[in-house]
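K.L.:
I'd like to ask some things about the structure below.
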Amino acid sequence: MNFREVVIAVSIALMVLLLAYVIEAGGLGPIAPQRLRELAASYLLNTYNPWNIIQSAQSLEAVTAIVWDYRGIDTFFETSVLFISIVGVSLLFRGYREKAGISNRGLSEIVKTSTKILSPLILISGLSIAIHGHLTPGGGFQGGSFIAVLLVLLSVVFSLDFVVERGLSTSRLLVLRSLGLLGVLATSVALLVVGLLTGVNAYIFQNMVREGASLSMPPWFLDRPTGGTLLFFNVFEALAVAAGLSLAFIVLSLRREEVEEALEKGEWYE
Amino acid sequence: MSDPVSLLFTVLILSLVVNIGISLYGVFTRPSLVKKFISLTIFSDTLNSFAIALGFRRVVEGYPSIAVLASIPEDVSELAVVANTAVDPVPQALVLTAIVIGLAVYMFLAGLIVMYYRHYRTTHVRPAGGGSIE
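If you're matching them up, the sequences are chains E and P in order. Counting from 0, one number per residue, gives the positions in the first sequence under numbering that gives the first Met the number 0. Counting from 0, one number per residue, gives the positions in the second sequence under numbering that gives the first Met the number 0.
Set out below in structure tokens:
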């Protein structure tokens, strides 16, 4: 244990003590107050409010309404950051192609059978989380990462070959990922395009009727609220996130033979 | 401090702050990039939990509910009931954004660490600066 480590440990301990003191003294505002902040109260009052539809998102869940309606552009760029990161990972590992027949044949028969039983359940519950994003806690990102777990599980239990043979190669996953992002983009400008074609005022990322723009996405599907654009956003985001995370997992779990082939091509480090 | 909820909340906040300290210590002192990476993810998870905890509130009777309307309201007054019992949805939405951005960054970082290992045959930070492992 040298002098440097002691200094780091002492300063961090001091930071913890002082931060705890600041919080206890109320430096970050009251902890667990009884009164709700005004911003939060207005979101809760307007998230599903057919009596004040000008400010409403017609979504029963406030978090999804904030994420995809009130702060929609923010979330669009957040999804873009995820996309850029996946493009960056693919660029880092460029020159890499999946090769068949080099990995082992996966885990034992017991694990494979239980995974076979679990897989449809994981897929269905992931889709359910995504599609019901505007009704229950959850949403596109959560559902998408839920589905991505399925591919991670399959590639560990059945081997990567099994997954790639069934058509989920990295290039196809990148196409799916881009389709998801394009779907989000199309949903966000859908009302604007309709408004331009019919000569009515409309906004980008418009969901319900707003002041001076009378167009609206369908708020109901049969007897269920759809939240207008929120349903589409959630479904496309789930597709994009599931494909993107699976792609990143496959790329990060690349195998020695594939690396050596990519190195022989001489594309790296030159 | 006689109120058990306040006491538990103090314990929660203090343990989160201690967690911040431990994870920062890991980032500063561990020489392996993988361990630095793990500490960094713990750090960001702690901060996210901290933000969620700041969105918690207490209600006069019973427990606060999640920021979701359990059924389709039939009258304006039902909305006021929800606003009086539900927790703050704003930190949750911000944390959702932070998690997605964090995931994007960590994914790229993990890729960089794998490439670092392939280049230097170790995850120790020293070779990157031209030094050698003791």
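Ideal Cβ positions, reconstructed from N, Cα and C, are used throughout, including at glycine. This structure is a prediction, so every number in the text was calculated from the model and none was measured.
Quick check on E:E77: buried or exposed, where buried means 16 or more other Cβ atoms within 10 Å of its Cβ?
P.N.:
Buried.
K.L.:
Measure the C-alpha to C-alpha separation of E:R254 and E:S144 and round it to an integer number of angstroms.
P.N.:
Using only the alpha carbons, I get a separation of about 24 Å.
K.L.:
Terminal residues of the continuous alpha helix (DSSP H) containing E:D73?
P.N.:
From DSSP, the alpha helix (DSSP H) with E:D73 extends over G71 to L91.
K.L.:
Note the first and the last residue of the continuous alpha helix (DSSP H) segment covering E:M207.
P.N.:
Looking at the DSSP string, E:M207 is not in any alpha helix (DSSP H), and its letter there is neither H nor E.
K.L.:
Can you name the residues that DSSP bridges to E:R223?
P.N.:
According to DSSP, which records beta bridges pairwise, E:R223 is partnered with E:F220.
K.L.:
Taking three-plus beta-carbon pairs below 8 Å as touching, is the segment 94 to 108 of chain P in contact with the segment 36 to 51 of chain P?
P.N.:
These segments touch.
K.L.:
Since P:R56 meets chain E, which of its residues come closer than 8 Å, beta carbon to beta carbon?
P.N.:
What P:R56 touches in chain E: A31, P32, Q33, R34 and L35.
K.L.:
Since E:D160 is in the alpha helix (DSSP H), which residue starts that stretch and which ends it?
P.N.:
Its alpha helix (DSSP H) spans residues L159 to E164.
K.L.:
Indicate the three-state DSSP secondary structure (helix, strand or coil) for E:H131 in the structure shown.
P.N.:
Three-state result, E:H131: coil.
K.L.:
Distance, Cα to Cα, P:V94 vs E:R209?
P.N.:
Distance between the alpha carbons of P:V94 and E:R209 is about 27 Å.
K.L.:
Does DSSP put P:S5 in a helix, in a strand, or in coil?
P.N.:
Of the three classes helix, strand and coil, the one that applies to P:S5 here is helix, per DSSP.
K.L.:
Could you please give the first and the last residue of the uninterrupted alpha helix (DSSP H) stretch that includes E:I53?
P.N.:
Note, E:I53: premise wrong, no alpha helix (DSSP H); not H, not E.
K.L.:
If you check the beta carbons only, do P:P30 and P:L53 fall under 8 Å apart?
P.N.:
Contact flag unset, no.
K.L.:
Between E:E236, E:M207, E:A239 and E:A241, which has its C-alpha nearest E:T225's C-alpha?
P.N.:
When only C-alpha atoms are compared, the closest one is E:M207.
K.L.:
In the structure shown, what three-state DSSP assignment does P:S31 receive?
P.N.:
P:S31 falls in the strand class under three-state DSSP.
K.L.:
Run down chain P in chain order and give the residues with a C-beta less than 7 Å from the C-beta of E:M14.
P.N.:
Per Cβ cutoff of 7 Å: G20.
K.L.:
Answer yes or no: do E:V234 and E:A129 have a C-beta to C-beta separation smaller than 8 Å?
P.N.:
Yes, these two residues count as a Cβ contact at 8 Å.
K.L.:
Return the bridge partner residues of P:S64 from the DSSP annotation.
P.N.:
Looking at the DSSP assignment, P:S64 forms a beta bridge with P:A85.
K.L.:
Does the distance from the CB of E:S187 to the CB of E:G71 come in under 8 Å?
P.N.:
Taking 8 Å as the Cβ cut-off, E:S187 and E:G71 qualify as a contacting pair.
K.L.:
Taking the DSSP output, what are the residues bridged to P:H123?
P.N.:
Answer is P:S31.
K.L.:
So is P:L10 in contact with chain E if we call contact Cβ pairs under 8 Å?
P.N.:
It should be pointed out that residue 10 of chain P corresponds to Val in this sequence rather than to Leu. Chain E contact via Cβ: absent.
K.L.:
Contact defined as beta carbons within less than 8 Å: I believe E:L270 pairs with E:L246. What is the distance between those atoms, to the nearest angstrom?
P.N.:
The displayed coordinates of chain E run from 0 to 269. Any statement about residue 270 of chain E would go beyond what the structure contains.
K.L.:
Taking the alpha helix (DSSP H) that E:A247 belongs to, which residues open and close that run?
P.N.:
That run of the alpha helix (DSSP H) goes T228 to L251.
K.L.:
Using a Cβ cut-off of 8 Å, pull out every chain E residue sitting near P:V16, in sequence order please.
P.N.:
Under the 8 Å cutoff, chain E gives V15, L18, A19 and I22.
K.L.:
Looking at the strands, I want to know which residues DSSP matches up with E:E60.
P.N.:
Note: E:E60 sits in a beta bridge opposite P:V67.
K.L.:
Of the choices E:Q33, E:F2, E:I7 and E:V80, whose alpha-carbon is the least far from that of P:V4?
P.N.:
When only C-alpha atoms are compared, the closest one is E:Q33.
K.L.:
Within the chosen definition, does the segment 27 to 43 of chain P reach the segment 107 to 125 of chain P through at least 3 CB pairs nearer than 8 Å?
P.N.:
Contact between the segment 27 to 43 of chain P and the segment 107 to 125 of chain P is present, because at least three Cβ pairs lie under 8 Å.
K.L.:
Who are the near neighbours of P:A79 in its chain, counting only those whose CB is closer than 7 Å to its CB and skipping five residues on each side?
P.N.:
Nothing listed; no residue qualifies.
K.L.:
Pull up the distance between the alpha-carbon of E:W267 and that of E:F92, whole angstroms please.
P.N.:
Residue confidence is low: E:W267 scores 48 on pLDDT, short of 50, so the model does not pin down where it sits. No coordinate-derived value is stated.
K.L.:
Quick one: list the residues of chain P neighbouring E:N48, beta-carbon separation under 7 Å, in chain order.
P.N.:
Near E:N48 (Cβ distances below 7 Å), the residues of chain P are L78.
K.L.:
How about the segment 11 to 19 of chain E and the segment 6 to 17 of chain P: do they share at least three Cβ pairs that are nearer than 8 Å?
P.N.:
The segment 11 to 19 of chain E vs the segment 6 to 17 of chain P: in contact.
K.L.:
Can you confirm whether the segment 69 to 85 of chain P touches the segment 47 to 56 of chain E when touching is taken to mean that 3 or more C-beta pairs between the two stretches lie within less than 8 Å?
P.N.:
At 8 Å Cβ cutoff, the stretches touch.
K.L.:
Once DSSP output is grouped into helix, strand and coil, what is the label at E:K115?
P.N.:
Helix at E:K115.
K.L.:
Between E:E269 and the rest of its own chain, which residues show a CB-CB distance below 6 Å, the 5 nearest in sequence each way excluded?
P.N.:
Model confidence at E:E269 stands at a pLDDT of 42, short of 50, so the residue's coordinates are unreliable; what they give is reported in the following sentence. If we look at E:E269 and ignore the five residues flanking it on each side, it has no Cβ neighbours.
K.L.:
How many Å lie between E:L178 and E:E37 at the Cα?
P.N.:
Each residue's alpha carbon lies about 38 Å from the other.
K.L.:
If you measure beta-carbon to beta-carbon, which residues of the segment 103 to 114 of chain P are closer than 8 Å to chain E?
P.N.:
Against chain E - using a Cβ distance shorter than 8 Å - the residues of the segment 103 to 114 of chain P are A103, V104, M106, F107, A109, G110, L111, V113 and M114.
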